[in-house]
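Engineer: Residues in the sequence shown are numbered from 24 upward in steps of one, following the numbering used here. We treat Cβ as the ideally placed atom computed from N, Cα and C, and that holds for glycine. Provided herewith is a single structure, encoded as structure tokens, for subsequent inquiry.
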Amino acid sequence: MTDDLDIYKTDITLDDGQTIHFMYDRDSDDLEIVFEKGRANCAVELTDNIVLRLDREKEKALSLILLNFSILAQPTDMGPKNFPLTGLADLPDDLRQTVVKIITSPPVNQFLKVSYFYPSPAERFPITYVERPPSLAMIA
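Written out as structure tokens, the structure reads:
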């Protein structure tokens, strides 16, 4: 038996000349944004629905996997949906610093926006929202 996958693929070229590959699975509503091809030696679950694949030694993002993409990228009346980056708390300090550097730098920060929520002056929690790429406006 053969399963027909409903995968939408497209590429964009960033201002710096880097080509980014998008693979969107319509059936599962999952989007993988591939920044660089290669075998990841580390994967970090940033939230229940956002996974960063990286080369830890080179401190480079290989891809960002967005599960339930249409829900993550769906705007609200008050702006984009924000999600706590709960996965950072479980990481060793050195890996957490590497991941924060990666997700707040190009090319990842063009798709994943990171800031902090301050419930009180003494507390802060990292949060994120997904920026829908214009080339994917027609999906989800």
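Among Glu82, Gln133, Tyr141, Lys83, which one has its Cα closest to the Cα of Leu37?
Structural biologist: Stepping through the sequence shown from its first residue, residue 37 is reached at position 14. With distances taken between Cα atoms, Leu37 lies closest to Gln133.
Engineer: Within 10 angstroms of the Cβ of Leu108, are there 16 or more other Cβ atoms? Answer buried if so, exposed if not.
Structural biologist: Position 85 of the sequence shown holds residue 108. It is buried - the Cβ of Leu108 has at least 16 other Cβ atoms within 10 Å.
Engineer: Given Thr70, which residues of its chain have a CB within under 8 Å of its CB, disregarding the five upstream and five downstream residues?
Structural biologist: Along the sequence shown, read from residue 1 onward, the residue named residue 70 stands at position 47. Cβ neighbours of Thr70 beyond the five flanking positions: Phe106, Pro107, Leu108, Thr109, Gly110, Thr151.
Engineer: At 4 residues or longer, what runs of the alpha helix (DSSP H) sit wholly inside the segment 93–124?
Structural biologist: none
Engineer: Using three-state DSSP, classify Ile162 as helix, strand or coil.
Structural biologist: The sequence position of residue 162 within the sequence shown is 139, counting from 1. In the structure shown, Ile162 sits in coil (DSSP, three-state: anything other than H, G, I, E or B).
Engineer: Which partner residues does Ile73 have in the DSSP bridge list?
Structural biologist: Locating residue 73 in the sequence shown gives position 50, counting from the first residue. Bridge partners of Ile73: Thr70, Leu89.
Engineer: Pull up the distance between the alpha-carbon of Met24 and that of Ala112, whole angstroms please.
Structural biologist: Within the sequence shown, residue 24 is the residue found at index 1, counting from 1. Within the sequence shown, residue 112 is the residue found at index 89, counting from 1. Because the pLDDT at Met24 is just 43, under 50, the model does not fix this residue reliably, and the point stays unresolved.
Engineer: Comparing alpha-carbon positions, which option in Lys124, Phe148, Pro98, Leu77 lies nearest Ile56?
Structural biologist: Your numbering for residue 56 matches position 33 in the sequence shown. Minimum Cα distance to Ile56 is reached at Leu77.
Engineer: Determine the burial state of Glu146: buried for a count of at least 16 other Cβ atoms within 10 Å of its Cβ, exposed for fewer.
Structural biologist: Within the sequence shown, the letter at position 123 stands for residue 146. By the neighbour-count rule (16 or more Cβ atoms within 10 Å), Glu146 is not buried but exposed.
Engineer: Using only alpha-carbon positions, find the residue among Lys136, Glu82, Ile88 that is nearest to Ile125.
Structural biologist: Indexing the sequence shown from 1 puts residue 125 at position 102. For the residues Lys136, Glu82, Ile88, the minimum Cα distance to Ile125 belongs to Glu82.
Engineer: Since Lys136 is in the beta strand (DSSP E), which residue starts that stretch and which ends it?
Structural biologist: Stepping through the sequence shown from its first residue, residue 136 is reached at position 113. Residues 135–143.
Engineer: Give the DSSP bridge partners of Lys83, in chain order.
Structural biologist: For the purposes of this step, residue 83 is taken as residue 60 along the sequence shown, with counting starting at 1. Per DSSP, Asp78.
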